[in-house]
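S.K.: Heads up, the sequence shown is in the UniProt record's numbering, so the first residue is 1 and it goes up one at a time.
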Amino acid sequence: MIDERTALIVVDVQNDFCPGGSLAVPGGNEVVPVINALGRRFATVILTQDWHPPGHSSFASSHPGREPFELIELPYGPQILWPDHCVQGTGGAEFHPDLDLPHAQTVIRKGYRREIDSYSGFMEADRKTSTGLGGYLRERGVTRAVIVGLATDFCVNWTAQDAAKAGLETLVVEEACRAIDLDGSLDRAWAEMAALGVKRVGTAAALLR
Ligand code: VGL
Ligand code: ZN
Numbered sequence: 001m002i003d004e005r006t007a008l009i010v011v012d013v014q015n016d017f018c019p020g021g022s023l024a025v026p027g028g029n030e031v032v033p034v035i036n037a038l039g040r041r042f043a044t045v046i047l048t049q050d051w052h053p054p055g056h057s058s059f060a061s062s063h064p065g066r067e068p069f070e071l072i073e074l075p076y077g078p079q080i081l082w083p084d085h086c087v088q089g090t091g092g093a094e095f096h097p098d099l100d101l102p103h104a105q106t107v108i109r110k111g112y113r114r115e116i117d118s119y120s121g122f123m124e125a126d127r128k129t130s131t132g133l134g135g136y137l138r139e140r141g142v143t144r145a146v147i148v149g150l151a152t153d154f155c156v157n158w159t160a161q162d163a164a165k166a167g168l169e170t171l172v173v174e175e176a177c178r179a180i181d182l183d184g185s186l187d188r189a190w191a192e193m194a195a196l197g198v199k200r201v202g203t204a205a206a207l208l209r
């Protein structure tokens with residue numbers, strides 16, 4: 001067992017991000033068995049859950065005349081518009097039914113404010129509003145984060161960057177993630193993570209220590 005000071009952070013393994021969902025990530029479901037196997041080795045397991053109200057400002061449908069995947073400017077900066085996804089209380093917002101992490105302790109829901117998106121599990125898109133995850137990990141004595149899930153270039157990327165900024169040793173397990181990859185966003189994501197010292201690893205390296 002990997003000791004409690006290393007947290008496995010499982011990002012957004014939800015139906016809407018898997019094939020058949022409204023914002024399906026190619027191969028998104030393939031991370032489930034990989035994460036289940038990895039998860040058994042971790043004492044500290046935290047899940048994030050994208051959790052938007054109807055009419056969320058990141059939905060193209062909330063902006064007349066706009067289409068999904070267009071870029072707009074919101075008060076806090078640029079925002080990609082998405083198809084409606086992960087609406088609170090819907091089946092699309094539920095975790096993938098085969099995700100098997102019964103010992104997970106915490107679910108961080110994010111993006112629940114209508115006017116602010118949140119790719120990161122730590123900090124919302126205005127870069128000011130905290131989800132509380134940083135303080136929670138600090139109080140639990142967590143010093144290391146292993147990050148997996150969906151999507152590599154959005155929520156995994158932003159969560160990993162904020163974990164590194166919070167001073168955690170941060171690893172992303174590549175084969176336990178899948179990407180959306182819009183206009184080179186995946187290459188950019190790995191470069192951004194690397195610049196902050198995030199380690200891109202395989203499952204074996206994530207299980208050392
Ligand atoms: C995500 C786009 C919109 C993600 C969430 O989980 O990567 N991407 N909301
Ligand atoms: Zn979202």
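Every residue gets a Cβ at the ideal spot worked out from N, C-alpha and C, and that includes glycine.
1) DSSP three-state label for W158, please.
2) At the level of alpha carbons, what is the spacing between Q14 and W82?
3) Looking at C18 and the ligand VGL, is the gap between the Cβ and the nearest heavy atom below 7 Å?
4) I'd like the list of long-range same chain contacts for D181, defined as Cβ closer than 7 Å, with 5 residues on each side in sequence excluded.
5) Does the pairing of the segment 63–79 with the segment 102–113 give three or more beta-carbon distances under 8 Å?
6) Going by C-alpha distance, which of C18, T203 and P75 is nearest P97?
7) Taking 7 Å as the cut-off, does the CB of S58 come closer than this to any heavy atom belonging to the ligand ZN?
8) Considering only the beta carbon of each residue, do A151 and A179 sit closer than 8 Å?
9) Under 8 Å, do V198 and C177 count as touching if we go by C-beta distance?
10) Got a sec? Which residues, its chain only, sit under 8 Å from Q105 by beta carbon, not counting five neighbours each side?
11) Could you tell me the distance, in whole angstroms, from the CA atom of Q79 to the CA atom of H52?
12) Does any heavy atom of the ligand VGL sit closer than 7 Å to the C-beta of D84?
13) Helix, strand or coil: which one does DSSP assign to L38?
14) Which one or two residues does DSSP pair with G6 in a beta bridge?
15) Start and end of the alpha helix (DSSP H) containing L137?
M.R.: A quick look at the data gives this:
1) helix
2) 15 Å
3) no
4) D153
5) no
6) C18
7) yes
8) yes
9) no
10) T44, V45 and I46
11) 15 Å
12) no
13) helix
14) What sits at residue 6 in the sequence shown is Thr, not Gly. R144, per the DSSP bridge assignment.
15) L133 to E139
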